[in-house]
Structure formats: structure tokens, C-alpha cells
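This report refers to the structure that appears directly beneath it.
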Amino acid sequence: MKKTLSCVVVLLGLGLGASAVRAAAVDDLLAAYTKAGAGPFDAAAGKKLFTEVHKAKRKPIERRCVMCHTTNLRATGKHFRTGKRIKPMAPSVNPRRFTKVRKFKKWLRRNCKWTIGRLCTAQEKGDLLTFLRAQ
901 MKKTLSCVVV LLGLGLGASA VRAAAVDDLL AAYTKAGAGP FDAAAGKKLF TEVHKAKRKP
961 IERRCVMCHT TNLRATGKHF RTGKRIKPMA PSVNPRRFTK VRKFKKWLRR NCKWTIGRLC
1021 TAQEKGDLLT FLRAQ
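Just so we're aligned, residue 901 is where the sequence shown starts under the numbering used here, counting upward by one.
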């Protein structure tokens, strides 16, 4: 974590901007998932995970990531219960997306539990991140 933060600070200091920081953060996450035994990562598998219907065990309600984030990742989403706006997931539109490893891990943990009903595997996280960063 300290290594990632140092890298981010150095890249910002060099004026490389959010895209370089995002690339470093994404690369660090994918390397961690690979170290956990996952890979190769597949954007098509990530898209399927993002769009398919899941049934959580505790509350058998059909849930999908696109319920809040929409199928157009360049558009603003809206939490289906609270109505709170969710900034676009596409890094091409929202350059701050995926620049903070800690924030990505927090939201991924929370959203996997709610949507799928369990924590995502390292393979699923890598596939999903590969799909999202290509947007």
C-alpha cells in the first residue's frame, strides 16, 4: 500500500496526471490478483459479471450491477433505493475513477456482497477491473 501511494505521489509530481496514476493503481491491483493465483483476466467475463442477474442468498432478490450503474458506463448512475447519483464508471469520462486502490477495494467488497451475495474472487475482481478500465 505504501509503495502504491509513493508511486501515485511521484507520478503526480511528475505531472503525469490521473491517467498515469489510474494505470499504476490498476496495474498494482491486477498484480495482486495474479499473485493470488488469478489470471489471465478477461474483459468479456468482467462484462458478464457486471451485467448478469445475481440472487443473493440472504434476500433472494434479483440484483445486477447495472441496477445502479446503468449499462452505459459513461452515463451517471443512480442508486436504485436511495436515488443518490453515482458518477460514471468509465475512466474515459471520470478520470478520478480507479485512482485510489483503497477506495476501489472498499466499494468492490461492499458491492460484491450486496449484488452477488458474497465476496468476489480474485479472478472475478481482475476480470471486472479489466472490463471497467477499458471503458
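Heads up, the beta-carbon is just placed ideally off N, CA and C, and yes, glycines get one too. It should be emphasised that the depicted structure is a prediction, and the values quoted were computed from it without experimental measurement.
Beta-bridge partners of residue i, as assigned by DSSP
i: isoleucine 986; result: Gly977
i: lysine 955; result: Glu962
Residue i (DSSP reduced to helix, strand or coil)
i: lysine 1006; result: helix
i: asparagine 927; result: A small fix is needed here, since residue 927 is aspartate in this sequence, not asparagine. Three-state DSSP puts aspartate 927 in a helix.
i: asparagine 972; result: coil
i: glutamine 1023; result: helix
i: valine 1001; result: helix
i: glycine 1017; result: coil
i: asparagine 1011; result: helix
i: arginine 996; result: coil
i: alanine 944; result: helix
i: alanine 932; result: helix
i: phenylalanine 1031; result: helix
Check whether residue i and residue j have beta carbons under 7 Å apart
i: valine 993; j: arginine 1010; result: no
i: phenylalanine 998; j: alanine 943; result: no
i: histidine 938; j: glycine 1026; result: First, the residue type needs correcting, since residue 938 is alanine and not histidine in the sequence shown. Contact: yes.
i: threonine 971; j: arginine 985; result: no
i: methionine 989; j: leucine 1032; result: yes
i: threonine 1030; j: histidine 954; result: no
Distance cut-off 6 Å: residue i Cβ against heavy atoms of the ligand NAP
i: tryptophan 1014; result: This structure lacks the ligand NAP; in fact it carries no ligand of any kind.
Discussion item. Check whether the stretch 1017-1030 and the stretch 932-948 touch, using three or more Cβ-Cβ pairs below 8 Å as the test.
Written reply: A contact between stretches requires three or more CB pairs, one per stretch, nearer than 8 Å, and the stretch 1017-1030 meets this requirement with the stretch 932-948.
Practice prompt. Flag this pair as touching only if the stretch 961-970 and the stretch 940-948 have three or more C-beta atom pairs under 8 Å; answer yes or no.
Written response: With a cut-off of 8 Å, the stretch 940-948 and the stretch 961-970 do not count as touching, because too few Cβ pairs lie within range.
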